[in-house]
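Undergrad: Following this message is one structure expressed as structure tokens.
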Ligand SMILES: Nc1ncnc2c1ncn2[C@@H]1O[C@H](COP(=O)(O)OP(=O)(O)OP(=O)(O)O)[C@@H](O)[C@H]1O
Ligand SMILES: [Mg+2]
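Residue numbers (the numbering used here), protein chains in the order written: chain A, 2 to 325; chain B, 312 to 560.
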């Protein structure tokens, strides 16, 4: 039962219903904004964890796909006048194509080389955005707002409706990623993470599995970017900057990499920290750094890793399972 | 039949395998022995395609395996277990074997369904039962006893339904009692599955007791081959072993 698809769908439906009801019970613009940003970043963090947690592929450049998603969607809406659903699908195709290209070059490399080459690609993309002013607006970002023409009676120009759309994308995206990690493919990915050499001896083409994981993770990060670009009605070079990838790493480290929802929880924690800490101090980077250090040195893992471990240890003396 | 002809491999200046020619008849149970550093593991690495020889051939029923990728060699029916158990620490025993079966059958990349695939579980159960791992099905591999980790490694090789099974020191690091249990399992496996089994072993009692025939490697060369009786009385072998003497784990 524990890996049942039906159970996941039920949980997804309940969570979605709760999210949709939330602003009805507690009408607050701040809450709506928080959840929309959270949806974008949680998809991004969870997609990064497909690579880091499940595949053992530590990417330092995952933010590039968040940026690609935001910019291609923004540009398509500004320049082609496509309906939103079409632009959404085209954005997914574009992100997948970029991820395929970058992945084909990067995933063959071993750990640190993989990490740095992904980072290099991200820097390249960021420079391209800064330099290609006529297309991207350079360091100003995509200005003038992103048109959001209504489709199927949905108007994403309305913050309430955008909220619901973000929640739907969040839950659907998480369910899809959950399905991926619980599929035969997901377990092959875990095998590669644990022992790539032996996985090869079982007849698995490791390159192909890693590449598919890289592309899938890129696509979900891109969807996060789309939500963000709708939220800010634009796209900024920071979306594709290395700090974006760094935040992704923070979020999954805070929340934990051995549970599926760890990155989502990490996202919420980071956003809350951001909001509260900036309210009380100007040294917000310093505070965040200290808190992250606390996690790293105190718990030595993310919050959900810690809780799951603790729960298992109190339940049975000899834990038989860990995380995924 | 598996045979190697004029097989050689050096690492830098060290000749790990020199001009080795050996035959392993189909369905035989053969022990490969030799002092530490004799080249035994390298010999398995060459047969299984983990490394490429400098010279020589590896023939499986007449087909030369040299130059094939290890994946290809696996598909031709040569599987191995490792000197240090090579397993997947964060997967349970059942998950490991289910995932191995699906990989072997070409379903490693399936995205549209949930793990485990029902049609793969029968085979993984079967192998678990064969090696007596069924009680540990839901145990995390990292938490298995040393002996069970070695068994799981062998189970992974069996999943591939090999014609030739290479076991690199299946009893390494075990106490005397556990050792005999392990070797008993290997022996029964060989009897039942009728495959060619080649195993590396340091314990002479075990070797003389169960191996139908024995190959002795020393400094990368074949020092002797024959039945237990022939090897027991071979002066070269005695000299080689008196010189280094068995390492007592
Ligand atoms: N990949 C390698 N690179 C360099 N030298 C190697 C490599 N593999 C093996 N050797 C060398 O080849 C020789 C044979 O090693 P091998 O591991 O085959 O011995 P072995 O008979 O299995 O020994 P043991 O009983 O200790 O397992 C040793 O001198 C070893 O140092
Ligand atoms: Mg060895």
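All residues carry an ideal CB built from backbone N, CA and C; glycine is no exception.
Please read these numbers as outputs of a predicted model, since none were measured by experiment.
Can you tell me whether DSSP reads residue 93(A) as helix, strand or coil?
TA: Three-state result, residue 93(A): helix.
Undergrad: Ignore the nearest five residues each way along the sequence and tell me which others in residue 326(B)'s own chain have a CB closer than 6 Å to its CB.
TA: Hits under 6 Å: 531.
Undergrad: Pick out the complete alpha helix (DSSP H) segments inside the segment 343-396 of chain B, 4 residues or longer, and give them in chain order.
TA: Counting only runs of 4 or more, we get 351-359 and 381-386.
Undergrad: Below 8 Å on the Cβ atoms is my guess for residue 507(B) versus residue 335(B); work out the distance and round it to an integer in Å.
TA: Rounded, the Cβ-Cβ distance is 6 Å, consistent with contact.
Undergrad: In chain A, which residues lie with their C-beta within 9 Å of the C-beta of residue 467(B)?
TA: Result: 199, 202 and 203.
Undergrad: Return the residue from the list 409(B), 393(B) and 423(B) that minimises the CA-CA distance to residue 445(B).
TA: Nearest of 409(B), 393(B) and 423(B) to residue 445(B), Cα basis: 409(B).
Undergrad: Within this structure, are the beta carbons of residue 138(A) and residue 144(A) separated by less than 9 Å?
TA: Contact: yes.
Undergrad: Could you name each continuous alpha helix (DSSP H) segment of 4 residues or more that falls completely within the segment 13-77 of chain A, going from the start of the chain to the end?
TA: Runs of the alpha helix (DSSP H) inside the segment 13-77 of chain A: 30-50.
Undergrad: Checking contacts by CB at 9 Å: is residue 322(A) closer than that to chain B?
TA: Here residue 322(A) scores only 45 on pLDDT, less than 50, and its place in the model should not be relied on; the value that follows carries that caveat. For residue 322(A), the answer is yes, since a Cβ of chain B falls inside 9 Å of its Cβ.
Undergrad: Measure the Cβ-Cβ separation of residue 525(B) and residue 539(B) and say whether it is below 9 Å.
TA: Cβ distance < 9 Å, so residue 525(B) and residue 539(B) count as in contact.
Undergrad: Give every residue of the same chain whose Cβ lies closer than 7 Å to the Cβ of residue 179(A), excluding the five residues on either side of it in the sequence, and list them in chain order.
TA: The residues are 9 and 261.
Undergrad: Can you name the residues that DSSP bridges to residue 269(A)?
TA: DSSP, once it has assigned bridges, lists no residue as partnering residue 269(A).
Undergrad: What does residue 184(A) pair with, by DSSP beta-bridge criteria?
TA: Looking at the DSSP assignment, residue 184(A) forms no beta bridge with any residue, so it has no partner.
Undergrad: Along chain A, in chain order, which residues have C-beta atoms closer than 8 Å to that of residue 387(B)?
TA: Chain A residues near residue 387(B): none, gap ~11 Å exceeds 8 Å.
Undergrad: For residue 479(B), which residues does DSSP report across the bridge?
TA: DSSP lists 511(B) as partners of residue 479(B).
Undergrad: Any contact of the segment 453-460 of chain B with the segment 415-428 of chain B, i.e. 3+ C-beta pairs under 8 Å?
TA: At 8 Å Cβ cutoff, the stretches do not touch.
Undergrad: Straight-line CA distance for residue 491(B) to residue 208(A)?
TA: About 40 Å.
Undergrad: Across the segment 224-235 of chain A and the segment 74-92 of chain A, are there enough close Cβ pairs to call them in contact, namely three or more that are closer than 8 Å?
TA: Yes: the two stretches touch, three or more of their Cβ pairs being nearer than 8 Å.
Undergrad: Identify the residues that DSSP records as bridge partners of residue 315(B): which are they?
TA: DSSP lists 333(B) and 369(B) as partners of residue 315(B).
Undergrad: From what residue to what residue does the alpha helix (DSSP H) around residue 408(B) run?
TA: First-last of the alpha helix (DSSP H) with residue 408(B): 404-415.
Undergrad: Does any residue of chain A bring its CB to less than 9 Å from the CB of residue 397(B)?
TA: Interface residue, yes.
Undergrad: Within 9 Å of any Cβ in chain A, is that where the Cβ of residue 432(B) sits?
TA: By this cut-off, residue 432(B) is not an interface position.
Undergrad: Any C-beta of chain B within less than 7 Å: which residues of the segment 178-196 of chain A qualify?
TA: Correct list: 181, 183, 184, 185, 186, 187, 188, 189, 191, 192, 195 and 196.
Undergrad: Rounding to the nearest angstrom, what Cα-Cα distance links residue 118(A) and residue 231(A) in this structure?
TA: Straight-line Cα distance between these residues: approximately 30 Å.
Undergrad: Output, in chain order, the set of chain A residues within a Cβ distance shorter than 7 Å of residue 400(B).
TA: In chain order: 195.
Undergrad: For a contact defined as C-beta to C-beta under 9 Å, what are the partners of residue 97(A) on chain B?
TA: Going along chain B, no residue has its Cβ under 9 Å from residue 97(A), so there is no contact; the nearest lies around 14 Å.
Undergrad: Please confirm if residue 541(B) has its CB atom under 9 Å from at least one CB of chain A.
TA: Chain A, which has no Cβ nearer than 9 Å to the Cβ of residue 541(B), makes this no.
Undergrad: Is there a Cβ of chain B sitting closer than 9 Å to that of residue 209(A), yes or no?
TA: Yes - at least one Cβ of chain B is within 9 Å of the one on residue 209(A).
Undergrad: According to the Cβ coordinates, are residue 1(A) and residue 255(A) closer than 9 Å?
TA: Outside the displayed range of chain A (2 to 325) lies residue 1(A), so it cannot be described from this structure.
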